[in-house]
Amino acid sequence: GAVVSQHPSRVICKSGTSVKIECRSLDFQATTMFWYRQFPKQSLMLMATSNEGSKATYEQGVEKDKFLINHASLTLSTLTVTSAHPEDSSFYICSARATGGHSDTQYFGPGTRLTVL
Amino acid sequence: QKEVEQNSGPLSVPEGAIASLNCTYSDRVSQSFFWYRQYSGKSPELIMSIYSNGDKEDGRFTAQLNKASQYVSLLIRDSQPSDSATYLCAVNGYTGANSKLTFGKGITLSVRP
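Top line first, the protein sequences correspond to chains A and B.
Sequential numbering of the first sequence, starting at 1, is according to the numbering used here.
Sequential numbering of the second sequence, starting at 1001, is according to the numbering used here.
Structure (structure tokens):
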């Protein structure tokens, strides 16, 4: 099956620092990747849609200057949380959509747990 | 506003029973339907996708789709304690570059040994 990796799996940082999270599709090309955030006991919340070679599309209420997304290749998208604060602590999950066939199936990465002190 | 509704749960079934998870969606033009399983502290894992009316079986899992009733369900036969997780229903309104999934809030299944 399609495999998506994320790095790092867990990060603890001080308030005010920036954190970069990588999302890679390992065995397929993904023109589109998605970034989600999930708080404890809550459902997934889509933050943004990342298209290779173009600007990301952010959901309403998500600050594009705070959550920088770069999708430089068909296998890599990055999310940078700039000037992180404790309220940004959450579980960040990416997904990648495979091209071809039923091209709307999303495969999720294992997630990155961010804790901001 | 596209909506995906799942039973409020939690759902508890004994080991070996059939677990039935239901989902309704509001966008009549929805094309693709997915069930994901999410263990506590982990990311979602794709279990089933279904695109046409009727049943689709994969091992102990059967997805059922009824587009006229805007209803999709997941049946888990011979439920095992390892099936205990949150199950997310997801719907895609259309295919194409700009398509995205709308998720239900999930239902937590507990399989009692």
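Ideal placement from N, C-alpha and C gives every residue a C-beta, glycine not left out.
Worksheet item: Just checking my contact of Phe108(A) with Ser89(A) at CB under 8 Å: how many whole Å lie between their CB atoms?
Response: Against the first sequence, residue 108(A) aligns to sequence position 108. Against the first sequence, residue 89(A) aligns to sequence position 89. About 20 Å separates the CB atoms of Phe108(A) and Ser89(A); that is not less than 8 Å, and the two are not in contact.
Practice prompt. Taking C-beta pairs closer than 7 Å, name the residues in chain A that Leu1109(B) reaches, listed in chain order.
Written response: Here the question's residue 1109(B) lines up with position 109 in the second sequence. The premise fails here: Leu1109(B) is roughly 15 Å from chain A at the closest Cβ pair, so nothing lies under 7 Å.
Discussion item. Give me, in chain order, the residues of the same chain whose beta-carbon lies closer than 6 Å to that of Arg37(A); leave out the 5 immediate sequence neighbours on both sides.
Written reply: Residue 37(A) sits at position 37 when you count from the first residue of the first sequence. Take Arg37(A), set aside five residues on each side of it, and the residues of its chain with a beta-carbon closer than 6 Å to its own are Met45, Met47, Ser90, Tyr92, in chain order.
Worksheet entry | Gln1006(B) and Ile1107(B) closer than 9 Å at C-beta | Here residue 1006(B) refers to the residue found at position 6 of the second sequence. Here residue 1107(B) refers to the residue found at position 107 of the second sequence. For the pair Gln1006(B) and Ile1107(B), the CB atoms are nearer than the 9 Å cut-off.
Worksheet item: Bridge partners of Tyr58(A), per DSSP?
Response: Position 58 of the first sequence, counting from 1, holds the residue named residue 58(A). Per DSSP, Ala48(A).
Worksheet item: Which chain E residues sit within Cβ distance under 8 Å of Tyr107(A)?
Response: Looking for chain E here will not work: the only protein chains present are A and B.
Fill in: Within-9 Å CB hit, Thr75(A) to chain B
On the first sequence, residue 75(A) is found 75 positions in, with the first residue counted as 1. Not an interface residue.
Item to complete: Verify the CB distance criterion: does Asn1092(B) have a CB-CB separation below 9 Å to chain A?
Response: On the second sequence, position 92 is the one that residue 1092(B) refers to. Cβ-Cβ to chain A under 9 Å: yes for Asn1092(B).
Item to complete: Check the Cβ of Met1101(B) against every Cβ in chain A and list those closer than 7 Å, keeping chain order.
Response: For the purposes of this step, residue 1101(B) is taken as the residue at position 101 of the second sequence. It should be noted that the sequence gives Leu, not Met, for residue 1101(B). Simply Gln106.
Item to complete: Spell out whether any CB of chain A is found under 9 Å from the CB atom of Ser1052(B).
Response: To locate residue 1052(B), count along the second sequence from 1; it is residue 52. For Ser1052(B), the answer is no, since every Cβ of chain A falls outside 9 Å of its Cβ.
Discussion item. Considering only DSSP beta bridges, list what Thr78(A) is partnered with.
Written reply: The residue labelled residue 78(A) in the question sits at position 78 within the first sequence. Note: Thr78(A) sits in a beta bridge opposite Glu22(A), Asn70(A).
Worksheet item: When the cut-off is 9 Å and only beta carbons count, does Ser1049(B) lie next to chain A?
Response: Against the second sequence, residue 1049(B) aligns to sequence position 49. Cβ-Cβ to chain A under 9 Å: yes for Ser1049(B).
Worksheet entry | Cutoff 9 Å: Ile93(A) Cβ touching any chain B Cβ | What you label residue 93(A) is simply residue 93 of the first sequence in a count that begins at 1. True, the Cβ-Cβ gap to chain B drops below 9 Å.
Worksheet item: For Ile1076(B), which beta-bridge partners are listed by DSSP?
Response: To locate residue 1076(B), count along the second sequence from 1; it is residue 76. Answer is Ala1019(B), Phe1061(B), bridged to Ile1076(B).
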